[in-house]
Structure formats: structure tokens, C-alpha cells
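**Q**
In full-length UniProt numbering, the protein residues as written are 1 to 242.
Rendered as C-alpha cells:
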């Protein structure tokens, strides 16, 4: 995954958008978005501007994302070109210590990331606002999927309250989640309604209505219209804290 692809993937997740939703906003295919995020397709400066507008974040020209690599390459070339001078003699000037360049550590890390990129996926951990990366975990990739879902759509949600403790979902637990745009089946979802983001059990009712259920020792139900709720993700697996 390229740097700009990683940035677009991160911002899209923070906005709670699926690749399909972002693609619809930009007037492109979902595959085009997935190819950009994975680094399989090079994005133009014009498209960067359109993506920046859609995600409400200035990504900057594509050249900026390559500047750090160029700086590291120049530093590496400088060290190689000066090496013969130190071997030519033993004068005080020639034997002067040269400080190590810290820029080498980042390219090395990227090499390892690229090496394992096809077998391990770095899955981000977010809070309910999804505007800050709390942590990240490595999960295996099988048939280009993570836990059976598209790898670009998975993330961990850090549970922030005890609203679902009756379902054994407690504050501090982490739930593997998948970005979705609607309710395709009854389950546990991360949703936004009435200006609040929360985890709720969601059930489809007749007459185009949804039943939201929380359980903090007492079962509480709410009935809402699908038009009044934003579905962000579906929780598929829970990791508990001991």
C-alpha cells in the first residue's frame, strides 16, 4: 500500500465511509478506490484534489508523499560517495566522525511493511469519533480477505461505555468491525443517531422501521426510521479485556 493510499484509507475510515460510498461521491468505481488504497493504481493530482474535497482534508500534491523517500535516497547516496574519502588516508580531517542519519529507519520499516503486506494486514483501532488512531493490530490475510471480509473495510472499535453490558460487551473491549452502509441483517452495529454514536443491537421491523436495543442491566428499546440513522459498521468479533 502506498503512502497516499494509506492516507486515503485512514481518512475514509475516519469519515465512516465505505469504498463504494466514496466512489459514488467521486463518480468512479469501487474497484478504482480499492486500487488506489492498495497502491495498485497511481492517483493523479487532479484526483487527489477531488478526494481531498470529498474527505474534507487537504492531501496535497502527490509529489509530497514521495519527498521523504527522495530525502532518504539522497542521504544514502551521500554516505556512499564520501566513503572512499575516509579510506584514502588517516589524517585528522579524513577520520572525522560522521553522525548517523536517522532517516534510514523509516525506509527499513516500509520494506518490512511491503514484505508482509500480502500476508498480514495492519488493522487500525479507533474510538467512537474515529478521528484518532488508538492502536493497530496485525491480522492474517487469507484469499485477499481478513476474517472473511474485504481487508480495506475492517477495523477495531474500542468500546467506550457499558450500554451493551447485558450482551457481554463491556467498556474497554475491542470489537472487530466491518464498514457497511445499511442494515442487511439483524446484528450488533455501530450507528449514529440523534447526534450520538453508539453500539446497538439492530433488528428490522415491518413498515420500514428499525428496533434499536441496548442493555445496561435493563433492556431498553427504541424504534427509528432508517432515514434517521447512519449505519457505520457491523461488529463481527469481540476481544475482551481480562
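No residue lacks a Cβ here, since even glycine has one placed at the ideal position from N, Cα and C.
So, residue 122 versus residue 138, is the Cβ gap smaller than 8 angstroms?
**A** For the purposes of this step, residue 122 is taken as residue 122 along the chain shown, with counting starting at 1. For the purposes of this step, residue 138 is taken as residue 138 along the chain shown, with counting starting at 1. In terms of Cβ geometry, residue 122 and residue 138 form a close pair [threshold 8 angstroms].
**Q** Looking only at its chain, what residues have a beta carbon closer than 6 angstroms to the beta carbon of residue 37, apart from the 5 residues adjacent to it on each side?
**A** Counted from its first residue, the chain shown places residue 37 at position 37. Counting only Cβ-Cβ distances below 6 angstroms, and skipping sequence neighbours, we find 5, 8, 9, 152.
**Q** I need the straight-line Cα distance from residue 35 to residue 18, nearest angstrom please.
**A** Residue 35 sits at position 35 when you count from the first residue of the chain shown. Residue 18 sits at position 18 when you count from the first residue of the chain shown. Roughly 14 angstroms separates the two Cα atoms.
**Q** In the DSSP assignment, the beta strand (DSSP E) including residue 8 goes from what residue to what residue?
**A** Here residue 8 corresponds to residue number 8 of the chain shown, with the count starting at 1. Looking at the DSSP string, residue 8 is not in any beta strand (DSSP E); the run it does join, the alpha helix (DSSP H), is 3-14.
**Q** What's the call for residue 182, buried or exposed, on a 16-neighbour Cβ count within 10 Å?
**A** Your numbering for residue 182 matches position 182 in the chain shown. Classification of residue 182: exposed, given that the 10 Å Cβ count is below 16.
**Q** Three or more beta-carbon pairs under 8 angstroms between the segment 186-204 and the segment 165-173, yes or no?
**A** yes
**Q** Quick one: using the 10 Å Cβ neighbour count with 16 as the cut-off for buried, is residue 225 buried or exposed?
**A** The residue you call residue 225 lines up with position 225 of the chain shown. Residue 225 should be labelled exposed.
**Q** How long is the line joining the alpha carbons of residue 179 and residue 202, rounded to whole angstroms?
**A** As a first step, residue 179 is located in the chain shown; it is residue number 179 there, counting from the start. As a first step, residue 202 is located in the chain shown; it is residue number 202 there, counting from the start. Taking the straight line joining both Cα atoms gives about 15 angstroms.
**Q** Just reading off the beta strand (DSSP E) that residue 221 is part of, what are its end residues?
**A** On the chain shown, residue 221 is found 221 positions in, with the first residue counted as 1. Run containing residue 221: 219-224, per the beta strand (DSSP E) assignment.
**Q** Please determine, among 141, 127, 158, 16, the residue with the shortest C-alpha to C-alpha distance to residue 150.
**A** Along the chain shown, read from residue 1 onward, the residue named residue 150 stands at position 150. Ranking the options by Cα distance to residue 150, first place goes to 141.
**Q** Is it the case that the Cβ atoms of residue 173 and residue 125 are separated by a distance below 8 angstroms?
**A** Along the chain shown, one-based indexing puts residue 173 at 173. Along the chain shown, one-based indexing puts residue 125 at 125. It is not a contact, given that the beta carbons lie outside the stated cut-off.
**Q** Suppose the cutoff is 7 angstroms on Cβ atoms and the five residues either side in sequence are ignored; what does the same chain contact list for residue 22 look like?
**A** Stepping through the chain shown from its first residue, residue 22 is reached at position 22. Contacts found: 12, 33, 54.
**Q** Return the CA-CA distance between residue 65 and residue 40, expressed in angstroms with no decimal places.
**A** Here residue 65 refers to the residue found at position 65 when the chain shown is read from its first residue. Here residue 40 refers to the residue found at position 40 when the chain shown is read from its first residue. Only weak support exists for where residue 65 lies, its pLDDT of 45 falling under 50; the coordinates are left without a value.
**Q** Taking residue 24 as part of the beta strand (DSSP E), name the residues at either end of that continuous run.
**A** Here residue 24 refers to the residue found at position 24 when the chain shown is read from its first residue. Counting along the chain, residue 24 falls outside any beta strand (DSSP E), though it belongs to the alpha helix (DSSP H) covering 19-26.
**Q** Tell me, please, which residues DSSP counts as bridged to residue 198.
**A** For this step, residue 198 is matched to residue 198 along the chain shown. Checking the DSSP bridge columns, you'll see residue 198 partnered with 191.
**Q** Along the alpha helix (DSSP H) that carries residue 50, what are the first and last residues, could you check?
**A** The residue labelled residue 50 in the question sits at position 50 within the chain shown. Start and end: 45-55.
**Q** For residue 204, which option in 135, 198, 212 has the closest C-alpha, if you only look at C-alpha atoms?
**A** Within the chain shown, numbered from 1, the residue matching residue 204 stands at position 204. Minimum Cα-Cα distance from residue 204 among the listed residues 135, 198, 212 corresponds to 212.
**Q** Between the alpha carbons of residue 216 and residue 160, how many angstroms are there, rounded?
**A** For the purposes of this step, residue 216 is taken as residue 216 along the chain shown, with counting starting at 1. For the purposes of this step, residue 160 is taken as residue 160 along the chain shown, with counting starting at 1. Rounded to the nearest angstrom, the two C-alpha atoms are 13 angstroms apart.
**Q** Applying the 10 Å Cβ sphere with the 16-neighbour rule, what's the burial state of residue 177?
**A** Here residue 177 refers to the residue found at position 177 of the chain shown. Residue 177 comes out buried.
**Q** At which residues does the beta strand (DSSP E) containing residue 32 begin and terminate?
**A** Start at 1 with the first residue of the chain shown, and residue 32 comes out as number 32. Residue 32 -> not in any beta strand (DSSP E); alpha helix (DSSP H) instead, spanning 30-38.
**Q** Looking only at its own chain, which residues have a Cβ that is under 6 angstroms from the Cβ of residue 199, when we skip the five neighbours before and after it?
**A** Within the chain shown, the letter at position 199 stands for residue 199. Excluding sequence neighbours, residue 199 sits near 164, 190.
**Q** Confirm, please, whether the CB-CB distance from residue 230 to residue 192 is below 8 angstroms.
**A** Mapped onto the chain shown, residue 192 falls at position 192. Mapped onto the chain shown, residue 230 falls at position 230. A contact, by the Cβ cut-off of 8 angstroms.
**Q** For residue 24 and residue 220, I'd like the C-alpha separation in whole angstroms.
**A** As a position in the chain shown, residue 24 is number 24, starting the count at 1. As a position in the chain shown, residue 220 is number 220, starting the count at 1. Cα-Cα distance, rounded: 36 angstroms.
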